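Take 225 as the starting number for the sequence shown in the numbering used here and just add one per residue. One structure is given below, encoded as structure tokens.
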Amino acid sequence: MQSPIKPDVTRVKTYLLSLQDSLCAALETEDGKASFHSDPWQRSQGGGGDSRVISDGNVFEKGGVNFSHVFDNSLPASATAKRPELAGAKFQALGVSLVLHPVNPFVPTVHLNVRFFIAEKDQQAIWWFGGGFDLTPYYGFEEDCQHWHRIARQACEPFGKEVYPRYKQWADEYFYLKHRHEARGIGGLFFDDLNAWGFANSFAFMQSVGDHFLKAYLPIVSKRKHSPYEQTQRDFQLYRRGRYVEFNLVYDRGTLFGLQSGGRTESILMSLPPLVTWRYNWQPQAGTPEAKLYDYFLKPRDWA
């Protein structure tokens, strides 16, 4: 059990709400056309959130930046299968989750999540931080991959040289479709159950991840959003979006916890793209940029 001293949940919530505002403002500016629609919601068991969705923009075909703060007097049994010591504990879960599906196939899909969880049982507080960000390109550019991972490394550097390699590897392992034997994208950072550094340092790391996201993503968007593309490239983008759907519905921890804990389904599934296709037993032709995505860019490597 952890210390009975409670972490400052109010500080975490204040930061997350500020992060949601800053993300939405910057992304609206980058898009230049569409704005985020705010959809506040309440959960009957306790808590709620604010789902902000953008659609039909110049840059973003669909995207969402969600804040949620849910709580209950007892964790659902399905959510404690791997943590039986938490069975029956009251809990709070706070987070910001972002997913963006651009129109242009040369602009990558992207995901960010930062979250905090605290459970209380027998007058003890059990808490941790988690999250990360990852990039899912449809057409690979080495300079984009290098920039993405260099910023990810910068987010980690104040906390120790070993942090980026550890959480980069965790992202490579986590954002992987086992049934396809392929990565979802080029990874980034993934961390969970972080409490060993104490509340202040763990919270500071979560903030660093959140604060570095726009530095990592927006330069790539700005560089690629006006690239001309053909229908065949758009078709490949829609096909690869299917992998994104498969991962989120089968493996994503946030999606599974949200559904298991009675979260708002529309907000949980806002991460799904508006258009997607599946093809039976399809493979790209050898030597094409589509094949290079599989053969080169989706293989874990030291981009930074």
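Even glycine gets a Cβ: it sits at the ideal position worked out from N, Cα and C. Remember, it's a predicted structure, so these values are computed and weren't measured experimentally.
Using only CA atoms, which one of the options lies nearest to residue i?
i	options	result
A528	V277, H261, R374 and N328	R374
L496	T333, R390 and Q484	T333
L499	Q461, V283 and R525	Q461
A395	E366, V433, G384 and G356	G356
E454	V327, Y400, L418 and R404	V327
S446	G422, F383, F284 and H436	F284
Y463	V387, L438 and N505	N505
F353	S432, D526, H371 and K439	S432
R465	A407, N337, S298 and H371	A407
L522	E397, S275, D245 and D232	E397
H405	P524, S242, T234 and K257	P524
F471	F423, G409 and A420	G409
C380	N337, C369, G434 and D368	G434
E252	H436, P508, L517 and L442	L442
Can you have a look at residue i and say buried or exposed, based on whether 16 or more other CB atoms are within 10 angstroms of its CB?
i	result
Y468	buried
Q348	exposed
K286	buried
E514	buried
R503	exposed
P228	Low local confidence applies: a pLDDT of 45 at P228 is under 50, so the model's placement there is unreliable, with the coordinate-based value given in what follows. Exposed.
T360	buried
Y239	buried
P452	exposed
D519	exposed
A510	exposed
P358	The question names Pro, but residue 358 is Asp in the sequence shown. That one is buried.
V387	buried
R377	buried
V474	exposed
M225	Bear in mind that the predicted position of M225 carries a pLDDT of just 43, short of 50, making it unreliable; the figure below should be weighed with that in mind. So M225 counts as exposed.
D232	exposed
K402	exposed
T512	exposed
Checking the sheet assignment: what are the DSSP bridge partners for residue i?
i	result
R339	G319 and G354
H325	K286
D274	P264 and F291
D296	F315
K345	Q348
L418	F353
S279	K286
A407	Y400
V334	L324 and L359
L413	F357
Along the chain, where does the beta strand (DSSP E) containing residue i start, and where does it finish?
i	result
W372	First-last for W372: E366 to C380, but that is the alpha helix (DSSP H), not the beta strand (DSSP E).
Quick check: residue i and residue j, are their CB atoms within less than 9 Å of each other?
i	j	result
V277	D263	yes
V289	L318	no
F330	Y363	yes
K385	K345	no
G281	S491	no
L267	R488	Checking the sequence, you will find Arg at residue 267 rather than Leu. In this structure, R488 lies closer than 9 Å to R267 by Cβ.
I550	Q316	Outside the displayed span of the chain (225 to 528) sits residue 550, for which this structure offers no information.
F399	G411	yes
L438	S426	no
H335	I444	no
V320	L413	no
D245	Q269	no
G482	S292	yes
F383	W421	yes
S279	A258	yes
Mind checking which residues open and close the alpha helix (DSSP H) that includes residue i?
i	result
D435	G422 to R448
Y468	Q455 to V474
Y391	V387 to Y398
Y239	V233 to D255
P513	P513 to K516
G478	R477 to Q484
T489	T489 to I492
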